[in-house]
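Worksheet: one structure, shown below.
There are 2 protein chains.
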Amino acid sequence: MDTTTQSRKQGRKRGSRRGNAAPTIADVAREARCSPMTVSRVINGEGNVREETREQVLEAVRKLNYSPNRAARSLAGGEQLRIALMFDNPSSSYLSEFLMGALEEATRSDIHLEVQSCENAPSNATLVGKMIEGGITGFILPPPLCDDQSVLDLITGAGGIAIAVGPGKASGSNGAVMIDEYQAAYDMTRHIINLGHERIGFIIGNPEQVASGRRLNGYRAAMEDAGLKVSDRLVAQGQFTYRSGMVAAEKLLAVDPQPTAIFASNDDMAAATVAVAHRCHLDVPSDITVCGFDDTDMANSIWPELTTIRQPIREMTAKAVKMIAKIARTQRQGDKPGPEHVMFPYELIRRSSEAGPSLAKFDRHTDT
Amino acid sequence: MDTTTQSRKQGRKRGSRRGNAAPTIADVAREARCSPMTVSRVINGEGNVREETREQVLEAVRKLNYSPNRAARSLAGGEQLRIALMFDNPSSSYLSEFLMGALEEATRSDIHLEVQSCENAPSNATLVGKMIEGGITGFILPPPLCDDQSVLDLITGAGGIAIAVGPGKASGSNGAVMIDEYQAAYDMTRHIINLGHERIGFIIGNPEQVASGRRLNGYRAAMEDAGLKVSDRLVAQGQFTYRSGMVAAEKLLAVDPQPTAIFASNDDMAAATVAVAHRCHLDVPSDITVCGFDDTDMANSIWPELTTIRQPIREMTAKAVKMIAKIARTQRQGDKPGPEHVMFPYELIRRSSEAGPSLAKFDRHTDT
DNA sequence: CCTCATCATGGTAGCGCTACCACAAGATGC
DNA sequence: GCATCTTGTGGTAGCGCTACCATGATGAGG
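Just so you know, the protein sequences line up as chains P and Y, in that order.
Per my numbering: the first sequence = residues 1 to 368.
Per my numbering: the second sequence = residues 1001 to 1368.
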């Protein structure tokens, strides 16, 4: 007995920070006059605890400012969850939001996060295989990886959990968090139309990403619903890169009559459009309205700042982490949950790159 | 004995993933025909292990593909290291590199990383206090926070470990990882001079960041060493933002004779300079050379891509994490190490925004 | 030759928590 | 009234690792 107490005290010394040692579940149990088990149950929100007891425990927790030791939890609780964020061709503005969301949630839930670039891997198959071998339970896939069905199948096939973040369409075989790309593009187009524009150009994103098509369709539908013709000359192909945006914008601005607004499928291409417009002596927004999509850093670091669609990337990634944790828990209990698809709300952010069509241009165009 | 084996088997079942359960230190010990302790020593690189034994252990580790259980490690090893990345006004391109570096290292060393924004905090003092209270051991501070001596003092005063990443100058009281801002700016200026330019404009960064002054000094020194006068009209004040870069660039381009090159203190301002130049019907680089600093995402997402100075942000942040881990370990042993300052190499990245001065402009200028 | 450092290694006891089983007390069924 | 649940609670035994002490083996010094 004596020895035990002594060694415990010694142990304490190690874990100390400032004067007071961190309270343990045992301390709480003593305080609440119950067993550590009961405390554990309360902390973890399990049932079968009398309301009165629960209150006492919570009271004690509050009093001692107890917070459970993560390490002990995962040690005792079986397995440590490890999640990998896989990147193929990270756009850094997207990436940082992405990382922040994942990191916050991972910290909260004591999940180990790892970043993994696909770029230098011999093949995705071997990479995924190795990672699962190495103990990675879940994979979070941002675009464009999230659209790659072969990667998704690879992961689920190897027993991993894959969540696609921002795919163009949800795959049946795995979870996904996304926004309604179609509707967002529709709304943006509608918004531009409401500003008074009729000749609205559109720059398509990388054709390999499913979302690109969705955005295009949203644009088309909004135009058609407003009774506006979508001439082929109003639509230019881009690749989501700045460079491709320049080429596309040049093409669109060479059309006569010029569009009075251009909606680019992402902010980089919108920024490029602004640059091209400026070179053509067109002021943004007084001569031409330019809108983007994604609300990346680019959107508000250039001038004029871009009207764009904001995706809650951070929240979406956090959700993806949560989903993996939940699925892993369920799987460990033997169940096999179906893939969950969560749709997030987007937001149309109005900034200074938009305006009604200028009168001069307006006049050039005869009807209305 | 029998019971032990049995219960151990049961335990195994939990942690299983596919057929094989993760090997434990005991498995390795058995394989290497030594005690778990010896394995532990080898794994952790402690001394006092015979070379022969060490080899055996490493062999066994390789054979079983053993990797230590993080949770158990931190549980047994006393304290879990928690490091916070504090942001004040994150530029996302910087941020993502930052996060990646930190995350990679944190994963490797089983350190818990947390991101913390200062933006909504009532005061930095209370925030830092709360975090240390909450068990944060180390703080990593990117610019502009790393220049804020009061924050640094706050952290060290409260017993935390602060590492500044990319400060203008190293503070004596805490660790820092940085590049030689002065020399980098000197080199870039020298590089532009070598291209044949003589009227080289400079856009200063945010005056509150110490690095801004360093970069300016580097520019000045290189100009003077080359026998070129630095007229006040060649230097414009910026704030590191795109917007401020536009204003500064407009000012510089209004000077007669126009500079044939502009060196902006960061990429955002350089990008703005490119935009302004284009609006003034100047081609980059044939009419004017524009160089940036930092090599953020901006530098190669615009067109033309910017010649700039690359800081190894990722490596720097990783180093910062390592430094905190090391200091924490040392502190736990009672020693108090002096602050370490590590200088990283930068790199001048040549891209397509640079060229020799055009002949037309060259002629306008008489000498040479 | 014996003591006393020094080295290489092993044994033991937890770190703080949860899974699992046990058990008492009340509720329900026949 | 006894078997059978259900519910709330406690006890125990580890999770995989490392700190600490103990041990045996070696070499140095007297």
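Using N, Cα and C, we set each Cβ at its ideal position, and we do this for glycine too.
Q.
My parser needs the beta strand (DSSP E) runs of 3 or more residues fully inside the region 250-321 of chain P; what are they?
A. 261-264, 289-291, 308-310
Q | chain Y contact residues for Asp297(P), given Cβ-Cβ distances below 8 Å | A | On the first sequence, residue 297(P) is found 297 positions in, with the first residue counted as 1. Residues of chain Y passing the Cβ test: Ser1091, Ser1092, Ser1093, Asp1297.
(Q) Here's the rule: buried if 16 or more other CB atoms are within 10 angstroms of the residue's CB, otherwise exposed. What is Glu55(P)? (A) Start at 1 with the first residue of the first sequence, and residue 55(P) comes out as number 55. It counts as exposed.
**Q.** Outcome for Ala1076(Y) when other beta-carbon atoms lying within 10 angstroms are tallied against a minimum of 16
**A.** In the second sequence, residue 1076(Y) corresponds to position 76, counting from 1. Result: exposed.
Q.
Quick check on DSSP: helix, strand or coil for Ala1236(Y)?
A. Counting from 1 along the second sequence, the entry for residue 1236(Y) is found at position 236. Reduced to three states, the DSSP call for Ala1236(Y) is strand.
Q. With distances taken from CA atoms, which of Glu1114(Y), Asp1088(Y), Ser1093(Y), Ala1102(Y) is nearest Ala1121(Y)?
A. For the purposes of this step, residue 1121(Y) is identified with residue 121 of the second sequence, where counting begins at 1. Selected option, being the one with the closest Cα: Asp1088(Y).
Q. Using DSSP with H/G/I as helix, E/B as strand and the rest coil, what is Ala1121(Y)?
A. Against the second sequence, residue 1121(Y) aligns to sequence position 121. Residue state, collapsed to three classes: coil.
(Q) Buried or exposed for Ala164(P), going by 16 or more other Cβ atoms inside 10 Å? (A) Translated into positions along the first sequence, residue 164(P) becomes position 164. By the neighbour-count rule (16 or more Cβ atoms within 10 Å), Ala164(P) is buried.
**Q.** chain P within 9 Å of Glu1114(Y), Cβ atoms only
**A.** For the purposes of this step, residue 1114(Y) is taken as residue 114 along the second sequence, with counting starting at 1. So yes, Glu1114(Y) belongs to the interface.
Q | Nearest-angstrom Cα separation, counted from Tyr186(P) out to Asn217(P) | A | Locating residue 217(P) in the first sequence gives position 217, where the first residue counts as 1. Locating residue 186(P) in the first sequence gives position 186, where the first residue counts as 1. Those two C-alpha atoms are separated by around 8 Å.
Q: Output the distance between the C-alpha atoms of Met1037(Y) and Ala1026(Y), rounded to the nearest integer angstrom.
A: As a first step, residue 1037(Y) is located in the second sequence; it is residue number 37 there, counting from the start. As a first step, residue 1026(Y) is located in the second sequence; it is residue number 26 there, counting from the start. If I take the Cα positions, the gap works out to 9 Å.
Q | Residue range of the unbroken beta strand (DSSP E) whose run includes Gly1175(Y) | A | Taking the first residue of the second sequence as 1, we reach residue 1175(Y) at position 175. Element bounds for Gly1175(Y): 1175-1179.
Q | Check whether Leu252(P) and Leu228(P) have beta carbons under 9 Å apart | A | Residue 252(P) sits at position 252 when you count from the first residue of the first sequence. Residue 228(P) sits at position 228 when you count from the first residue of the first sequence. Result no, Cβ atoms of Leu252(P) and Leu228(P) do not sit closer than 9 Å.
Q) What are the residues that DSSP puts in a beta bridge with Gln116(P)? A) Position 116 of the first sequence, counted from the start, is the residue given in the question as residue 116(P). DSSP output for Gln116(P) lists Met86(P) as bridge partner(s).
Q) What does DSSP give as the partner residues of His191(P) in its beta bridges? A) Taking the first residue of the first sequence as 1, we reach residue 191(P) at position 191. According to DSSP, which records beta bridges pairwise, His191(P) is partnered with nothing at all.
(Q) Can you find the residues in the same chain that come closer than 6 Å, C-beta to C-beta, to His1341(Y), ignoring five residues on each side of it along the sequence? (A) Numbered from 1 along the second sequence, position 341 holds the residue referred to as residue 1341(Y). Excluding sequence neighbours, His1341(Y) sits near Ala1170, Ala1176.
Q. Which residue from Gln1209(Y), Glu1198(Y), Ser1244(Y) puts its Cα closest to that of Pro1224(Y)?
A. Locating residue 1224(Y) in the second sequence gives position 224, counting from the first residue. One point to set straight first is that residue 1224(Y) is Glu, not Pro, in the sequence displayed. Minimum Cα distance to Glu1224(Y) is reached at Glu1198(Y).
Q.
Among Ser91(P), Ile136(P), Gly47(P), whose alpha-carbon lies nearest the alpha-carbon of His112(P)?
A. Stepping through the first sequence from its first residue, residue 112(P) is reached at position 112. Comparing Cα positions, the closest option is Ile136(P).
**Q.** Which of helix, strand or coil DSSP assigns to Ser352(P)
**A.** Working through the first sequence from its first residue, we reach residue 352(P) at position 352. Note: Ser352(P) maps to coil in three-state DSSP.
Q: Answer with yes or no whether the minimum CB distance from Tyr242(P) to chain Y is below 9 Å.
A: On the first sequence, residue 242(P) is found 242 positions in, with the first residue counted as 1. At least one chain Y Cβ lies under 9 Å of Tyr242(P).
**Q.** Val342(P) - partner residues in DSSP beta bridges
**A.** By one-based count along the first sequence, residue 342(P) stands at place 342. DSSP lists Val177(P) as partners of Val342(P).
Q: Could you tell me which residues DSSP puts in a beta bridge with Glu347(P)?
A: Taking the first residue of the first sequence as position 1, residue 347(P) is located at position 347. BP columns for Glu347(P) point to Arg310(P).
Q. Can you list, in chain order, the residues of its chain whose CB lies under 7 Å from that of Met1001(Y), leaving out five sequence neighbours each side?
A. Taking the second sequence and counting its residues from 1, one reaches residue 1001(Y) at position 1. At Met1001(Y) the pLDDT is 33, less than 50, meaning the model places this residue with poor confidence; the figure from the coordinates comes in the next sentence. Counting only Cβ-Cβ distances below 7 Å, and skipping sequence neighbours, we find nothing.
Q) Where does Lys130(P) land, buried or exposed, given buried means 16+ other C-beta within 10 angstroms? A) Residue 130(P) sits at position 130 when you count from the first residue of the first sequence. Lys130(P) should be labelled exposed.
Q) So which residues of chain P does Ala1072(Y) contact, with C-beta pairs closer than 7 Å? A) Here residue 1072(Y) corresponds to residue number 72 of the second sequence, with the count starting at 1. Correct list: Leu75.
Q. Rounded to whole angstroms, how far is the Cβ of Gly1201(Y) from the Cβ of Ser1212(Y), which I believe are closer than 8 Å?
A. For this step, residue 1201(Y) is matched to residue 201 along the second sequence. For this step, residue 1212(Y) is matched to residue 212 along the second sequence. The Cβ separation is near 16 Å, so there is no contact.
Q. Under 9 Å, do Ala275(P) and Ala264(P) count as touching if we go by C-beta distance?
A. Here residue 275(P) corresponds to residue number 275 of the first sequence, with the count starting at 1. Here residue 264(P) corresponds to residue number 264 of the first sequence, with the count starting at 1. Contact flag unset, no.
**Q.** Contacts of Glu1031(Y) in chain P (Cβ-Cβ under 8 Å)
**A.** The residue you call residue 1031(Y) lines up with position 31 of the second sequence. Under the 8 Å cutoff, chain P gives no residues; its nearest Cβ is about 19 Å from Glu1031(Y).
Q) In chain order, what residues of the same chain have a beta carbon less than 7 Å from the beta carbon of Leu348(P), not counting five sequence neighbours either side? A) Along the first sequence, read from residue 1 onward, the residue named residue 348(P) stands at position 348. If we look at Leu348(P) and ignore the five residues flanking it on each side, its Cβ neighbours are Asp187, Met188, His191, Ile309.
(Q) Is there a Cβ of chain P sitting closer than 9 Å to that of Asn1069(Y), yes or no? (A) One-based indexing of the second sequence puts residue 1069(Y) at position 69. Answer yes: the Cβ-Cβ gap between Asn1069(Y) and chain P drops below 9 Å somewhere.
Q. Does the distance from the CB of Ala1277(Y) to the CB of Ile1203(Y) come in under 9 Å?
A. As a position in the second sequence, residue 1277(Y) is number 277, starting the count at 1. As a position in the second sequence, residue 1203(Y) is number 203, starting the count at 1. In this structure, Ile1203(Y) does not lie closer than 9 Å to Ala1277(Y) by Cβ.
Q.
So that I know if they touch, is there some Cβ in chain P lying closer than 9 Å to that of Leu1099(Y)?
A. Along the second sequence, read from residue 1 onward, the residue named residue 1099(Y) stands at position 99. Output row for Leu1099(Y): interface = yes.
Q. Under 9 Å between C-beta atoms, does Met246(P) make it to chain Y?
A. Locating residue 246(P) in the first sequence gives position 246, counting from the first residue. With 9 Å as the cut-off, Met246(P) counts as an interface residue toward chain Y.
Q: Just the C-alpha distance for Glu375(P) and Phe344(P), rounded to the nearest angstrom, thanks.
A: Outside the shown range of chain P (1 to 368) lies residue 375(P), about which nothing can therefore be said.
Q) For Ile83(P) versus Ala102(P), is the C-beta distance shorter than 9 Å? A) Working through the first sequence from its first residue, we reach residue 83(P) at position 83. Working through the first sequence from its first residue, we reach residue 102(P) at position 102. For Ile83(P) and Ala102(P), yes; Cβs fall inside 9 Å.
(Q) Give me the chain Y residues within the contact set of Ala275(P), using Cβ-Cβ distance strictly less than 7 Å, ordered along the chain. (A) By 1-based counting over the first sequence, the position of residue 275(P) is 275. Neighbours of Ala275(P) on chain Y, chain order: Ala1275, His1278.
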